[in-house]
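Trainee: This is the structure I want to talk about, given as C-alpha cells.
Protein chains: 2
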Amino acid sequence: MISIDYSNMMEEYIGSKGLSNLSINNISPQIEKAYKMIANREWKQLEFIDLLSQDTAEIKKAGRYIKKSADNFLLLGIGGSALGPRAILEALSPFHNLKKRPRVFIYDNVDPRTLKNLLSIIDLKKTFINVISKSGSTAETAASFLILWDKMKRILGKDASKRFVITTDPEKGSLRKIANDEKILTLPVPPNVGGRYSVLSPVGLLTAEVTGIDCNELLRGASDIKSICLNNDVYKNPALLFATLLFLMDKEKNRHINVMVPYMDSLKFLSEWFCQLWAESLGKENKGLTPYPSLGTTDQHSQLQLWIEGPPDKVIFFIRVDDFGTDIKIPAVFKNIEGYNYLSGHTLKELINSEQEATELALTKAGRPNFTITVPQINAYYLGQLFFFFEMATAFAGALLEVNPFDQPGVEEGKNLTYGMMGKKGFEEKKKEVDEYRKNKGKWRI
Amino acid sequence: MISIDYSNMMEEYIGSKGLSNLSINNISPQIEKAYKMIANREWKQLEFIDLLSQDTAEIKKAGRYIKKSADNFLLLGIGGSALGPRAILEALSPFHNLKKRPRVFIYDNVDPRTLKNLLSIIDLKKTFINVISKSGSTAETAASFLILWDKMKRILGKDASKRFVITTDPEKGSLRKIANDEKILTLPVPPNVGGRYSVLSPVGLLTAEVTGIDCNELLRGASDIKSICLNNDVYKNPALLFATLLFLMDKEKNRHINVMVPYMDSLKFLSEWFCQLWAESLGKENKGLTPYPSLGTTDQHSQLQLWIEGPPDKVIFFIRVDDFGTDIKIPAVFKNIEGYNYLSGHTLKELINSEQEATELALTKAGRPNFTITVPQINAYYLGQLFFFFEMATAFAGALLEVNPFDQPGVEEGKNLTYGMMGKKGFEEKKKEVDEYRKNKGKWRI
C-alpha cells in the first residue's frame, strides 16, 4: 500500500511553521462534514468511485484488436481525455515509441506544426484512432477529428470507420451521433463521470491495454485502497488526511501552492494529471490551491532554491519509489578525482533516493513544510492506487473548501468567445465583443 | 522583433486590479537604480551579455564532426545544462528523434530505469556523448558520466575519448582535469557565466549545431534585441518593462505567481527553461516570484479554471506566434452535426490563435491581469531574441527585488546532506545528521 509520512508538516518537527494535533482537531466538525458529503455522495459525479467494479471485457477486446491491427495508435482528446492516458503510458511504458508497437501518439493541442509533423511520420493506413470527448463537441478534439476523418476517408474509403474508436457519453452528444451514423466502435464514459476523474474509465484503460498494460491491475490497485480512502477517521484515511493537511496549510499558514515532486522520470506526467485534477476542481469562488508539477532530482537544479529561500507560500510533497525494478552500479573509475571518487560503488537508485531524503531534510531544517508519499514500486497496481487516492483527496478538498469539485464554470466564457470568433451560430454577440475588444486594445505596447 | 502588449495589466483596461502610469512612475528611482546595476555590470555574471559576440568556429566544427560520425547524441547535464539545450531542440526541431539523425537524448536525472531504457535503444558504438557541468562536479552528471565512460571504455578501448566532448570551465574543476588527462575534446563555459544563463554559450549552441540549427542565428537574434534590452527608458525596454510589471504586481497587488503560456507545443520547454531562470534567480531572502510553466490551448482544459476564478494571486502572460510556418485546413465534413459544422473552412492556426485571444479577453473581463508577447515566427533568430530577453528581464527583476540574481545559496545544504549519505570525505557530520533524522522521523505516518 502507498503510505504518507507527514511528520514534517507538524510543529513537533518544524516548529511554529507546522500544524498540530490541535489545529487538526479544531476543524474536526468541518472534516466530518466534508467526509459525509463524499461518503453520502453529495455530488452525483462521485460515481467515479463505481468505475472500480466496471466490466472491462469490451475495453480488452478493443485493445487486442488495435494491438493486432495497428502500427500506430493516435489519441485525439484534451484535458482529462489526454492527461490520464498519457500518465499511464509514461509511467508504465517509458520510451514506448522507441521500443514497442503500436506506437502511441496523443494529439491534444491544435498546433498545426505538431499535426504536420505527426502526419509526416505515421502511416495512416496502419493507424488506429481513438477520439475521446465526454461532451462530444470539445472544439480542439472536434477540429482534429474532422481533419483525421477526412484523411482516413480519402485513404480507406468506407473502411475508415473500422479504424476509429470513439470514447464518449453512452447516449448523448455529437460524437455519439457520428458514431451511430458512421457505425464506429464506441466505448462509454459514464454520464456522471467528469473528464478529470475519468482515468479509470475507458478513457485511460484503452490506452493501457493498447500499451500492453492489464487494465484490471489498475482497477485492482484502486479497489484495494478504496475502503481506506473512505474511512471516516482522518488519521486513518490518507486521502482525507492529504486534503486536510493542505487545506490547513492554506487556511492557517497562507501556504497555497502545493508542489508535487516525484523522484522518478516517468511520473512527470502523473504530476501533470494531478495538477489538472487539483486546479480545475478547487479553483473557484476566489478559493483554491495552486498545484505545481515538478520532478526530482531535476528540479533541485531549477526550483529548489525558490522552495527553500523564497516566499513561505508552498508545501512540497514528494513521491518516493522504493523499488525502481532495476538499478545501475556506479563503477570505480576516476578514483583519484575529487567530486567523482565518492560515488563509486554506490548505485543510481541510492543516489536518487538519497537526494530525495536530503532535499526533504534540507527543507525541514529551513522550516519549510513537506511530506512524503512512498510507493513500493511503479506498476499498474500501484498507479491505480495513486490515481484513486488523488481523486478522493481532491473530492475531500473540495468539500473542505466548500466548492463544487466537479464543475468548471470559469472556462465557459473563453469557449463562448472562441465560438464567436469561429462563427458558430448563436454566438454572434460574442463575435461583436471580440471585434470591439480588438478595436480598443493595444494602447500599451512595446 | 518580439513585442509586448501589456494593456491588460493597466487599470485603464482592467480597472482597480490593474497598474497605472503613476504606480510605475512612483518607483522610477528604483527602476533607475536597477537599470544602472545591470548597465554598469554590478555583478560579474552579467558577462552572459558578452556571449553574443563569441566566436563559434569550434562549436561548429564539433557539431559537424558529431553529425557526420554519430547516430546518437547523448547529453549528460542537469539544470541549466539540460534545460537550455532541450528548449532549443524542442522549439526548433520538434519530433527530432523520429525524423532526423543523430537522434538527441538528454539524460539529466539519475533515474536508473531511464538510463536502462536508454541503453537498450541506443548503440553506444555509434553514440557521441556531451558532458556538461560548469563546476565539473555536479553529482548527477558525475554519476552518469562515470557509468557511460566505463561502458564506452569497455566497448571502444582507447578510442572512447574520441566519442566525448566536455563542456566546462576553461581552467578549473574536475571535468577539466579529466579532459586534460584523457585528451577529451572540450568546449568552454566562460567562468563568469552561470548555468542558467548559459544557453547561448557552447552549452546550448552545440546541441543546436548537432540538431542542424545554425547557432549563429540564435546569436544574431539575441544581438538584434540587445541594445533595446539595455535602453534606460522602461517604456522602451521590454526586458526592464517585463520585470517592472511583474515586480509591481507582486508588491502592490500580491500577485506573485507568473504563469507563462505559449500557444505552440514546441515552446513547452522554453517555459521550463524560463521557470528555472526566474525561480532560481529570484527566490531568496523570503522574496521571489513563482514562475509557472503552462501551455495553450492544452491548459485551458487544466489550469484556466484556477486562473480565472481561483485566488487572485497570478499574472498570466501569453506567448503568441504569428506564423506557424505551416497550417492545416479543417475540412467540410459532418456539416449537419452541431458542434462540428462551424469549424469547417477555418484552419488550425485560426483556431489556436482565436483560443489564445479568447482566453486573454476572458481573463481581462474577469479582472485578471495578463499580457501577451508576440513572436513573428519560431526560428533560431527569434528564439535567440526570447532567450536574451528573458535573461535580461530576470537580471532586472533581481535588481528590483534587491536580491542577487546569480547565486543559489539555498541549494547547498541538500547537496551537502547528499554528500554525507554518499560517503564523500569531509561530510561525515552531515551523515550523522541524516542518521539522527532517520532515527527520529516517521512518528506521523499513515
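Each protein sequence line maps, in turn, to chains W and B. Quick note on numbering: our numbering labels position 260 of the first sequence as 260, and the sequence is numbered without any gaps. Quick note on numbering: our numbering labels position 289 of the second sequence as 1289, and the sequence is numbered without any gaps. Think of the CB as a built atom: it goes at the ideal place given N, C-alpha and C, for glycine as much as any other residue.
(1) Could you check what DSSP says for W/K478 in three-state terms: helix, strand or coil?
(2) Go through its chain and collect everything with a Cβ distance to B/V1381's Cβ below 7 Å, but skip five positions before and after it.
(3) For my contact list, B/I1122 and B/F1164 are in at a C-beta cut-off of 8 Å; report their separation, rounded to the angstrom.
(4) Look at the Cβ atom of W/N192, then the Cβ atom of W/K44, and state whether they are nearer than 9 Å.
(5) At a CB-CB cut-off below 9 Å, which residues of chain B make contact with W/R101?
(6) Against chain W, does B/L1083 count as a neighbour if the rule is that its beta carbon must be under 9 Å from one of theirs?
(7) Per the DSSP calculation, B/Y1107 is bridged to which residue(s)?
(8) Can you tell which of B/L1075, B/I1330, B/P1190 has its C-alpha closest to the C-alpha of W/L115?
(9) Would you check if the segment 1202-1217 of chain B and the segment 1049-1067 of chain B touch, i.e. whether three or more CB-CB distances between them fall below 8 Å?
(10) Can you name the residues of chain C whose CB is closer than 9 Å to the CB of W/L75?
(11) Does any residue of chain W have a CB that is nearer than 9 Å to the CB of B/A1243?
(12) Alpha carbons only, please: which of W/D265, W/Y13, W/Y235, W/D169 is nearest the one belonging to W/I88?
(13) Looking at W/K151: is its Cβ nearer than 9 Å to the Cβ of W/L119?
(14) Using a Cβ-Cβ cut-off of 9 Å, state whether B/A1142 counts as contacting chain W.
(15) Can you tell which of B/F1048, B/S1023, B/E1012 has its C-alpha closest to the C-alpha of W/W444?
(16) Assuming W/L230 contacts W/A91 under a Cβ cut-off of 8 Å, what Cβ separation, rounded to an integer in Å, is found between them?
(17) Taking a cut of 9 Å between CB atoms, which residues from the segment 1049-1069 of chain B lie near chain W?
(18) Is it the case that the Cβ atoms of B/E1428 and B/G1420 are separated by a distance below 9 Å?
(19) Cutting at 6 Å between CB atoms, please list the residues of its own chain near W/A332, excluding the five before and the five after it.
(20) Under the DSSP definition of a beta bridge, which residues are partnered with W/S333?
(21) What do you get for W/N26, buried or exposed, if any count of 16 or more other CB atoms within 10 angstroms of its CB means buried?
(22) My parser needs the alpha helix (DSSP H) runs of 4 or more residues fully inside the segment 1392-1426 of chain B; what are they?
(23) Count the other C-beta atoms from every protein chain shown that fall within 10 angstroms of the C-beta of W/K125, then say buried if there are 16 or more, exposed otherwise.
(24) Distance, Cα to Cα, W/I31 vs W/E272?
(25) When you compare each of W/F95, W/A143, W/R113, W/V199 to W/L383 by their alpha carbons, which one comes out closest?
(26) For the segment 1091-1111 of chain B against the segment 293-305 of chain W, are there 3 or more C-beta pairs whose distance is under 8 Å?
(27) Could you tell me the distance, in whole angstroms, from the CA atom of W/V234 to the CA atom of B/L1185?
(28) Is the shortest distance between the beta-carbon of B/K1134 and the beta-carbons of chain W less than 9 Å?
(29) For W/S23, collect the residues of the same chain with a Cβ closer than 8 Å to its Cβ; drop the 5 residues on either side in sequence, then sort them by chain order.
(30) With distances taken Cα to Cα, identify the nearest neighbour of W/D407 among B/T1374, B/L1304, B/K1431, B/L1417.
(31) The beta strand (DSSP E) with B/T1168 in it runs from where to where?
(32) Using alpha carbons as the reference points, say which of B/T1359, B/F1048, B/F1371 lies closest to B/V1189.
(33) If we cut at 9 Å on Cβ distances, does W/N109 have a partner in chain B?
(34) Along chain B, which residues have their Cβ under 9 Å away from the Cβ of W/Q276?
(35) Anything in chain W within Cβ reach of B/R1320, meaning under 7 Å, just list it in chain order.
(36) Which residues of the segment 115-127 of chain W have a Cβ closer than 8 Å to any Cβ of chain B? Give them in chain order.
Mentor: Quick answer:
(1) Since the first residue shown for chain W is 1 and the last is 446, residue 478 of chain W is missing from the structure and cannot be characterised.
(2) Residue 1381 of chain B is actually Tyr in this sequence, not Val. E1217, R1220, G1221, listed in sequence order.
(3) Contact doesn't hold; Cβ gap of about 15 Å is too wide.
(4) In this structure, the beta-carbon distance from W/N192 to W/K44 falls below 9 Å.
(5) By Cβ distance, chain B contributes nothing, its closest Cβ being about 14 Å from W/R101, past 9 Å.
(6) yes
(7) B/L1076
(8) B/I1330
(9) Because the criterion of three Cβ pairs below 8 Å is met, the segment 1049-1067 of chain B and the segment 1202-1217 of chain B touch.
(10) Within the model displayed, chain C is absent; protein chains W and B are what it includes.
(11) Residue contact with chain W for B/A1243: absent (no Cβ-Cβ distance below 9 Å to any residue of chain W).
(12) W/D265
(13) yes
(14) yes
(15) B/E1012
(16) Between W/A91 and W/L230 the Cβ distance is about 25 Å, and since that is not below 8 Å, they are no contact.
(17) Within the segment 1049-1069 of chain B, no residue has a Cβ that lies closer than 9 Å to any Cβ of chain W.
(18) Contact: yes.
(19) S344
(20) For clarity, residue 333 of chain W is Val in the given sequence; the question names Ser instead. Bridge partners of W/V333: none, in fact.
(21) exposed
(22) 1412-1422
(23) exposed
(24) 27 Å
(25) W/V199
(26) yes
(27) 59 Å
(28) no
(29) L248, E252
(30) B/L1304
(31) 1164-1168
(32) B/F1048
(33) yes
(34) Against chain B, a Cβ distance below 9 Å from W/Q276 picks out D1299, H1301, S1302, Q1303.
(35) In chain order: nothing, as chain W lies at least about 12 Å away.
(36) L115, K116, N117, L118, S120, I121
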